[in-house]
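Chains as they are written, first to last, in our numbering: chain A, 1 to 366; chain B, 1 to 43.
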Amino acid sequence: MDNLLVGLTNLTPGNVVMFAVAALLIYLAIKRDYEPMLLLPIGFGAILANIPNSSAVGEHGFLSTLYEAGIITELFPILIFIAIGAMMDFSPLLKMPIMLVFGAAAQFGIFFTMMLAALAGFDLKEAAAIGIIGAADGPTAIFVATRFAQHFLGPISVAAYSYMALVPIIQPPVIRLLTTSAERRIRMEYRSISVSKTARIFFPIAITLLAGILAPISVALVGSLMFGNLIRESGVVERLSQAAQNELANLVTLLLGITIGSTMTADQFLAPATLLIIGMGLVAFVADTAAGVLFAKALNYLIPQKINPMIGACGISAFPMSARVVHRMGLKEDPQNFLLMNAAGANVAGQLASIMAGGLILALVG
Amino acid sequence: MDVFSEAVRITMISMPVILGFMGLVGIMLKLLMKAFPGSSEHK
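Given below as structure tokens:
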């Protein structure tokens with residue numbers, strides 16, 4: 001009889017609070033459509049992990065097995081990168097290479113938050129793992145957090161994916177605060193150049209070589225992203241490209257989410273550090289946006305052709321939400337101002353720069 | 001060296017490196033587009 005009641009007798013207030021946290025994540029996923037692909041499995045994984053004596057976690061638990069096989073080995077984020085690479089069209093960037101600089105500027109939030117976390121008392125590895133939330137890139141955040149602060153993997157992942165979903169709420173007030181209405185009305189030319197297939201094929205190979213030689217530790221991240229992109233652009237392995245974009249992406253996302261949820265146990269998650277991490281994640285996104293916008297404004301003093309400073313905010317890796325946000329803001333100021341393609345270029349650059357930032361952090365902190 | 005100073009040092013190294021990397025990528029893209037131009041161009 002005692003064995004039947006073991007779940008009830010071992011239930012702690014912490015477990016109940018975690019059920020509420022899980023319910024909130026599931027609510028946000030279903031009712032608010034906030035990153036449902038990740039927040040729904042994370043929420044349910046948290047429920048499974050917080051049931052006392054749960055057979056899903058522990059020595060023979062399937063979630064613990066998945067954690068060992070997919071997170072500790074860094075396999076899941078790498079596979080996700082292959083899928084993302086197969087989904088990404090880098091042609092807006094090939095048409096407008098100037099957008100690359102905004103991808104670089106908007107990574108400042110990572111380092112600003114890392115310094116903030118250091119001031120808050122976290123050690124350097126923990127601070128770096130918290131700062132990487134500012135990469136606005138889930139797999140990079142998971143990859144770095146796994147290396148540097150596995151005990152914070154749950155809150156870091158939840159913060160990264162939640163704020164990516166909240167980009168349409170976080171970015172507009174920051175952009176409005178730092179720009180004038182006249183600046184937001186600046187129109188930008190978009191040159192519709194066709195990109196040759198050869199250039200598209202060379203791009204992933206050349207990026208892998210360049211990034212790999214400069215920062216060999218980033219090869220796993222950049223290489224997997226670019227491998228996915230090569231599959232897409234080569235045009236000769238359409239089945240593989242479709243499999244990466246659909247089956248691989250869906251399957252790994254499903255397993256990644258529920259596995260991360262399983263790390264959100266009451267004893268690890270219900271700590272003051274979790275609230276600090278969630279708060280600093282928001283700071284990271286705000287600092288990314290501000291840095292991108294201010295960089296674009298500064299650039300306008302140096303180059304003859306004016307850039308709409310809102311484009312700078314798209315340098316974060318949250319693709320394509322950030323580009324859509326800026327496009328809508330541009331249309332609101334001037335119904336004839338179409339910024340989408342320029343914004344998409346900066347947004348794709350952010351994806352590349354965030355991986356480079358992740359690689360640098362791994363090299364310099366590790 | 002304390003943690004904050006180390007974080008500042010990493011920031012001072014990383015931001016220029018990222019900017020430099022993206023600059024190199026930009027040059028590479030320009031070269032790629034010149035070497036393998038698209039079939040048509042219009043504004």
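Ideal placement from N, C-alpha and C gives every residue a C-beta, glycine not left out.
All of these numbers come straight from a predicted model, not from anything done at the bench.
1. Decide if E238(A) is buried, meaning its Cβ has at least 16 other Cβ atoms within 10 Å, or exposed.
2. Measure the Cβ-Cβ separation of D89(A) and R185(A) and say whether it is below 8 Å.
3. Can you give me the C-alpha to C-alpha distance between Q336(A) and M188(A), rounded to a whole angstrom?
4. Please give me, in chain order, every unbroken run of the alpha helix (DSSP H) with length at least 4 that falls completely inside the region 13 to 97 of chain A.
5. Please report how far the alpha carbon of E41(B) lies from the alpha carbon of M280(A), in whole angstroms.
6. Taking buried to mean at least 16 other C-beta atoms within 10 Å of its own C-beta, is P173(A) buried or exposed?
7. Going along chain B in order, which residues have a C-beta closer than 7 Å to the C-beta of D123(A)?
8. Enumerate in chain order the residues of its own chain whose CB-to-CB distance from T289(A) is below 6 Å, with the five nearest sequence positions on each side excluded.
9. Please confirm if L360(A) has its CB atom under 8 Å from at least one CB of chain B.
10. Distance cutoff 8 Å, beta carbons only. Does I217(A) sit that close to anything in chain C?
11. Once DSSP output is grouped into helix, strand and coil, what is the label at S262(A)?
12. In this structure, does DSSP put L193(A) in helix, strand or coil?
13. Could you tell me the alpha carbon to alpha carbon distance between F202(A) and L32(B), rounded to whole angstroms?
14. Which residue spans inside the region 159 to 231 of chain A form an unbroken beta strand (DSSP E) run of at least 3?
15. Can you tell me whether DSSP reads A129(A) as helix, strand or coil?
16. Over the uninterrupted alpha helix (DSSP H) stretch that includes D123(A), give me the two end residues.
17. Closer than 7 Å by C-beta to K125(A): which residues in its own chain qualify, once you throw out the five before and the five after it? Chain order, please.
18. Can you find the residues in the same chain that come closer than 8 Å, C-beta to C-beta, to K34(B), ignoring five residues on each side of it along the sequence?
19. Quick check on the DSSP output: what are the complete alpha helix (DSSP H) runs of length 4 or more inside the region 302 to 352 of chain A, in order along the chain?
20. What separation, rounded to the nearest whole angstrom, lies between the Cα atoms of G121(A) and D2(B)?
21. Cβ of L221(A) within 8 Å of Cβ of F143(A)?
22. Using a C-beta to C-beta distance shorter than 9 Å, which residues of chain B count as neighbours of T198(A)?
23. Find the residues of chain B that neighbour A373(A), judging by a C-beta separation of less than 7 Å, and give them in chain order.
24. Excluding the 5 residues flanking G212(A) on each side, which residues of the same chain have their C-beta closer than 6 Å to its C-beta?
25. Is there a C-beta anywhere in chain B that falls below 8 Å from the one on I311(A)?
26. Quick one: residues in its chain with C-beta nearer than 6 Å to the C-beta of G292(A), no 5 flanking neighbours on either side, listed in chain order?
27. If you check the beta carbons only, do L299(A) and A323(A) fall under 8 Å apart?
28. Just the C-alpha distance for Q351(A) and A135(A), rounded to the nearest angstrom, thanks.
29. So if I threshold CB-CB distances at 7 Å, which residues from the region 113 to 138 of chain A count as touching chain B?
30. Buried or exposed, going by whether 16 or more other CB atoms sit within 10 Å of the CB of A349(A)?
31. What did DSSP end up calling V236(A) once you bin it into helix, strand or coil?
32. So which residues on chain B does L100(A) lean against when the C-beta distance must stay under 7 Å?
33. Within 8 Å (strictly less), CB to CB, does V348(A) reach chain B?
34. Between L276(A) and chain B, is any beta-carbon pair separated by less than 8 Å?
In short, the structure shows the following:
1. Classification for E238(A): exposed.
2. Inclusion of D89(A) and R185(A) in the CB contact set at 8 Å is not warranted, their separation being larger than that value.
3. In a straight line, the C-alpha of Q336(A) is about 11 Å away from that of M188(A).
4. Complete alpha helix (DSSP H) runs here, min 4: 13 to 30, 36 to 50, 62 to 66, 75 to 87, 91 to 95.
5. Residue confidence is low: E41(B) scores 48 on pLDDT, short of 50, so the model does not pin down where it sits. No coordinate-derived value is stated.
6. Classification for P173(A): exposed.
7. Within 7 Å Cβ-Cβ: V3.
8. These residues qualify, in order along the chain: Q171, V174, A313.
9. Yes, L360(A) lies at the interface with chain B (some Cβ there is under 8 Å from its Cβ).
10. Of the chains in the structure shown, none is chain C; the protein chains are A and B.
11. If DSSP states are grouped into helix, strand and coil, S262(A) belongs with coil.
12. Just to set this straight, residue 193(A) is Ile in the shown sequence, not Leu. Annotated three-state conformation of I193(A) is strand, per DSSP.
13. F202(A) and L32(B) have their C-alpha atoms roughly 8 Å apart.
14. Fully enclosed beta strand (DSSP E) runs of 3 or longer: not present.
15. Of the three classes helix, strand and coil, the one that applies to A129(A) here is helix, per DSSP.
16. Going by DSSP, D123(A) is part of no alpha helix (DSSP H) at all; its letter is neither H nor E.
17. Within the same chain, K125(A) has close Cβ partners F148, A149, V365.
18. The answer is none, since no qualifying residue turns up.
19. Here the runs fully enclosed are 321 to 333.
20. Spanning the two alpha carbons is a distance of roughly 11 Å.
21. Yes, the Cβ-Cβ distance between L221(A) and F143(A) is below 8 Å.
22. Chain-order list of chain B residues neighbouring T198(A): L32, A35, F36, by C-beta distance under 9 Å.
23. Here chain A covers residues 1 to 366 and nothing more, so residue 373(A) does not appear.
24. Taken in chain order, the residues that qualify are V219.
25. No, I311(A) lies away from the interface with chain B (no Cβ there is under 8 Å from its Cβ).
26. Contacts found: F102, A105, A106, G312, A313, G315.
27. No, they are not a contact pair.
28. About 8 Å.
29. Here the close residues are M114, M115, A118, L119, D123, L124, A127.
30. Flag for A349(A) reads buried.
31. Coil.
32. Within chain B, the residues near L100(A) are M22, V25, G26.
33. No, V348(A) does not count as interfacial toward chain B.
34. Put simply, the CB of L276(A) is far from chain B, with every gap to its CB atoms at 8 Å or more.
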